[in-house]
Amino acid sequence: MKLRSQLTFLVFLLISFFTCAQSAPCTHSIRGKVLDAETKAPIPYVTVKVKGSEKYTLTKKDGSFYLEGLCSDVNTLIISSLGYSEATSEHRHEHGSVPNIFLTPKLVGLDEVTIQAEKRKEKGTETISQVKVNKADIVSDPTQSLASALSTIQGVTFTSTGTNVELPVIHGLYGNRILVLNNGLKHGFQNWGRDHAPEIDINSANNITVVKGAAGVRFGPEALGGAIIVESNPLLLNNPLYANIGTGYQTNGRGYNANMEIGNGTENWSYFLNGSFARIGDRNAPDYNLTNSGKEEKAFSFGVLRHLENWDFKLQYSFIDQNLALLRATFQTSPDNFIRAINTDRPLIIQPFSYNIDVPNQTVQHHLAKAEINWWYSDEGKLTFRGGVQLNKRDEFDVRRNSELPIIDLDLLTYDYQLEWEHPRWNGLDGLIGIQYFSQNNDNNPGTQTTPFIPNYNTDRYSAFAVENFSFGNNTLEAGLRFDFETNDVRGRETNQDIFRDNYSFTNLILSLGYIRQLGTNSTFRSNIGTAWRTPNVYELFSFGQQGVETIFGLLRFSDNDGTPSTSEVTTLEDSGVEPERGYKFVNEFQTYKNGNSHNITFYSHYIDNYVFDRPLGVFGGIRGPNTAFFFDQADALFLGVDYTWKSEWTERISGIFGFSYLWSRNIGDDEPLINQPPISTSFELQWNQGKLWFMDSSRLSLRPSYTFEQFQAPRTISPQSLADGSAIITTDSEIFDFLDPPEGYFLLDLTWNFDWKNLSASISANNLLNTSYRNYLNDLRYYADEPGRNILFTLNYSFKAKKR
C-alpha cells in the first residue's frame, strides 16, 4: 500500500506537468574587472549593464564590479565608458572565474560581453568552504569516476578498490559521512564500504560543487564530513538549439567511449537529452597486465521544463548501467598463496589483455526520477517542492562454485520528498525553511546460496530545518538548526539461518553557525562551526562475512567473550552500547586576490565522538579462500588539517596553480593513529593559453606535476605470516595495525593539450606520463598490485548551436 500511494503521488505530479510552470531562478552572480587594454590599469566608474534587464552597476576604483540576482547563468553585459571604443570580440567565461575585460582608449563605445555567471552558494552553506568543478574540467576525461574528477581539489582525494570503484574522501572522511546530492536528491545507492562507489555518469554533470564542511543542517545527517552537489544540464529558457557529440580513446585499457547531448529552450519550454557509452579492457601497470580490471558503462538522462508566469515544473530522469571488474589476483586458494600474494611485487595471476569482465565483478543499474515545482509568489519569496524515487539494483559475483550466481543480490528503493520555503527578507533576515521525508527499503533477493551479507531493512526519516543569514556592513552571520527523527526496521538471518529482527530509532538536533567578513574588495574571511550526527549504517552494524576483497563483521555481529572473538550471535542495538557518531567541525577560510595572484587557505578541526572504523583483525578463510579480516569498532577521533591553493597569472597567457594538503588524525581515546587516512600531497599546474595557433582558433597546454608522500601516520605493521604462525596474537583490545607497510611516496606527471577549431574541440592527455610504478595507500588492492601506468587519452567533440532569432 505504501509503494502504491507513493507511485500514485508521482503520477499525479506527472499529470500536473501540463498545467504548471515558473520563472527562471535568480540565483546567479558575476564578478569581474574592467581594465585599460594598453596600460592594464583599472578603469573606475564604468557602467556595466545586463542586456535585457534593469540590472547594472558601476566599477569601483580598482575597476572591479559585482552583479547578483541574475536569472540566467549566461548573460550579455553592455559595458560603456566615456573615452573608450568598442571591444572587438565576445568573451565567454566559465563558472567561478573572475574575468578581466579590456577596453581600448578611443571614443565612447559599447561592448557586448557574454559571461557565464557563477551560481550563488546554497543557503545554509554560504559560510562553509567550497569549490566548484565546471564542465570544461569534467569532459577532458569522460571515462573517469566522480571521485577522480574531484581529486585535484585540495583536501579531496578518493579511496578505492581497484581501478573502477572509487569513493570521494573529504578531509579524511568518506562513505556515509559524505553526502552525494544528485540533482537535488540524496543519491540512493549501497553507500557502505570502500568497494561501493556512487553510480553517476560524469558526462551528464554540468558542474559539481564540493562543500568541505559539516553541511548537515542544509542537506541531512550524511553530510557530517561534507557534501558533493552534482548538477545536470541547466534547463534554460530562450536557449537556441544546441548539440554536442564526443568520442574518445585511451591507450591504457584500450578504452573507447562516445557521448552526446542535445537541448533547446523556448519562451515557455526547455529540454535536454544526453547519453554515453564507455568500454575499457584490462588496464596495465608499468610492468604487467592487471587481469580483470576493465569496465563497461552505459548511461542516459533527460530533463524538461514547463514555464508559465511565476511557476516552473521540471521533470528529470537518469539511468546508468555498470559492469565493473575487480582484480583477479585478489583471489587465493590457500594461506601460503595469500602470504605470497601480499609479499610479492607482482600479482600471482597475470593473463593476456582482454575486454572480457570475469569474476570477481559488480553489476549495477541505477534509476532516478525527479519532479520539481517552483513557485515565485513574490519578488523575494519562493516555494519549492521536490520529489523523487530511485531504484538501485546491485549484483556482486565472486570466484566460487556456481560463480554464475551472485554472492550479493540487492534492490534498494529510495523515496525523497522535500518542501522548501525561501522567504522574503524580514527584519534583515534572509533564509530558507524546509521539511523532508526520506525513506529507503533494501531487500536481499533469494538465490545467492549464502547468508546475506547485510539484512533487509527499512529506514524512514522525518526532518525539518531552518537557516537564516543576517548582513550588516561587510559582515554576514549565518545560523542553522535541523531536527531529524529516524526509525529503522531490520530483518536478517543468523549463522544457523534463524531469523532475527531489530527495531530502533534516533532523534537528534544539528546546529550550524557561520560568519563571513569582506576584507576590502578582494579579500574574504569565512568561518563556520557545525555539529552533525550520523547513525551507523546497516553495513557497520550487521555486516557478516566476506564482501569484496575482505571479510568484515559489524558492530552487532561481533562480540568479545573473555578475550575470544565471537560472530555466532546478533546483539540488538538497545543491548549493545553502540551510539551514533556526533561530529563537531570548525572550518576557517581566507581568500584574497591581488595583482594577478589569488590565495586560498583553509584550516579545519573535526572532532567525532563514537567514530566508526574498520579495525584489522587477522586473516580469515572464506568461500573464496583466505583474505584480510576486519571488525567494526568505535572511538573518539580528532582530525586537524590545512588546505592551501595559490593561483598566479604571470602573464596574460601563462598562469600557475600550486596546491598543498595536510591532515593529522588520531584515535585520541587510545592515542594511536587511524588506518586508511590520506597522506600529505602537493601539486603544481602550469597553464599556457597560446591563443590562436596555426589553423586552430585556440590552444591551451597544461603540465601538472604532483607528489604524494608516504603516510607517516600509518599504524604498526603485522605481517600475515606472523598471524598465520601464531607469533602475533591479536585481540579486540590490541593496538591498531596494518597487514603491509604503507607504500613509498610517488611523483606523477600529467600533460594535457586542448585546442579548438571552428565547431570542433579536441584534447590529448597523458596521465602518469613517466610511467611511474607506485601503489596508492588508499587503494584496498595495494596489497596485491601497482596502480595503472601511462595512459594517453584522445578526445574529439563537435558542438553546434543555432543562432538566436
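Quick note on numbering: the sequence shown equals residues 277 to 1081 in this note's numbering.
Cβ atoms here follow ideal geometry from the backbone N, Cα and C, with glycine treated the same way.
Check: Start and end of the alpha helix (DSSP H) containing R616?; Outcome: 611-619
Check: Indicate whether the contact test is met: 3 or more Cβ pairs, each with one atom in the segment 610-618 and one in the segment 575-587, closer than 8 Å.; Outcome: no
Check: Sorry if obvious, but does the Cβ on N613 come closer than 7 Å to a heavy atom of the ligand ZN?; Outcome: Looking at this structure, you won't find the ligand ZN or any other ligand, since it has none at all.
Check: Taking A647 as part of the beta strand (DSSP E), name the residues at either end of that continuous run.; Outcome: 637-652
Check: Would the segment 497-508 and the segment 1038-1052 be scored as touching if the rule is three or more Cβ pairs under 8 Å?; Outcome: no
Check: Going by C-alpha distance, which of H463, A740, W545, A491 is nearest V506?; Outcome: H463
Check: Would you identify the three-state DSSP class for K411, choosing helix, strand or coil?; Outcome: helix
Check: Suppose the cutoff is 6 Å on Cβ atoms and the five residues either side in sequence are ignored; what does the same chain contact list for T735 look like?; Outcome: Q716, N764
Check: Quick check on Y880: buried or exposed, where buried means 16 or more other Cβ atoms within 10 Å of its Cβ?; Outcome: buried
Check: Note the first and the last residue of the continuous alpha helix (DSSP H) segment covering Q598.; Outcome: Counting along the chain, Q598 falls outside any alpha helix (DSSP H), though it belongs to the beta strand (DSSP E) covering 587-601.
Check: Between T800 and N873, what straight-line distance do the alpha-carbon atoms span, to the nearest angstrom?; Outcome: 14 Å
Check: So what does T984 bridge to, in DSSP terms?; Outcome: S957, Y1022
Check: Using CA atoms only, rank isn't needed, just tell me which of F1070, N751, G901, L1024 is closest to P636.; Outcome: G901
Check: Judging by CA-CA distance, which residue of N599, H447, Y883, I775 is the nearest neighbour of A272?; Outcome: For the chain, the structure presents residues 277 to 1081; residue 272 sits outside this window and is missing.
Check: Within 10 Å of its beta-carbon, does G723 have 16 or more other beta-carbons around it, so buried, or fewer, so exposed?; Outcome: exposed
Check: Do the CB positions of L757 and V493 come within less than 8 Å of each other?; Outcome: yes
Check: Decide if F1076 is buried, meaning its Cβ has at least 16 other Cβ atoms within 10 Å, or exposed.; Outcome: exposed
Check: Candidates S577, G806, R555, F378: which alpha carbon is nearest H643's?; Outcome: S577
Check: Counting only runs of 3+ residues fully inside the segment 924-976, write out the beta strand (DSSP E) ranges in chain order.; Outcome: 930-943, 957-969
Check: Pick helix, strand or coil for L753, following the three-state DSSP scheme.; Outcome: strand
Check: Please say whether V846 and T606 have beta carbons closer to each other than 8 Å?; Outcome: no
Check: Helix, strand or coil for A561 per DSSP?; Outcome: coil
Check: In this structure, does DSSP put Y1060 in helix, strand or coil?; Outcome: coil
Check: Using the Cα positions of P1064 and D558, report the straight-line distance between them to the nearest angstrom.; Outcome: 10 Å
Check: Find out if the Cβ-Cβ distance for the pair T380, L566 is shorter than 8 Å.; Outcome: no
Check: How many Å lie between T783 and L1054 at the Cα?; Outcome: 34 Å
Check: Threshold first: 3 residues or longer. Then list the beta strand (DSSP E) segments lying entirely within the segment 855-918, N to C.; Outcome: 857-870, 873-898
Check: Classify D851 as helix, strand or coil using the three-state DSSP reduction.; Outcome: helix
Check: Inspect the beta-carbon positions of S975 and F1031 and report whether they are closer than 8 Å.; Outcome: yes
Check: Count the C-beta pairs between the segment 525-533 and the segment 464-474 that are closer than 8 Å, then say yes if the count reaches three, no if not.; Outcome: no
Check: Does the segment 861-876 come close enough to the segment 510-528 that 3 or more CB-CB pairs lie under 8 Å?; Outcome: no
Check: Classify N678 as buried or exposed, calling it buried when 16 or more other Cβ atoms lie within 10 Å of its own Cβ.; Outcome: exposed
Check: Which same chain residues, not among the five before or five after I633, have their C-beta less than 6 Å away from its C-beta?; Outcome: G570, N599, A601
Check: Looking at C-alpha atoms only, which residue of T904, R777, I625, F960 is the closest neighbour of S982?; Outcome: F960
Check: Within the same chain, show all residues whose beta-carbon is closer than 6 Å to that of G790, passing over the 5 residues directly before and after it, in chain order.; Outcome: T403, E754, N804
Check: Using DSSP with H/G/I as helix, E/B as strand and the rest coil, what is F729?; Outcome: coil
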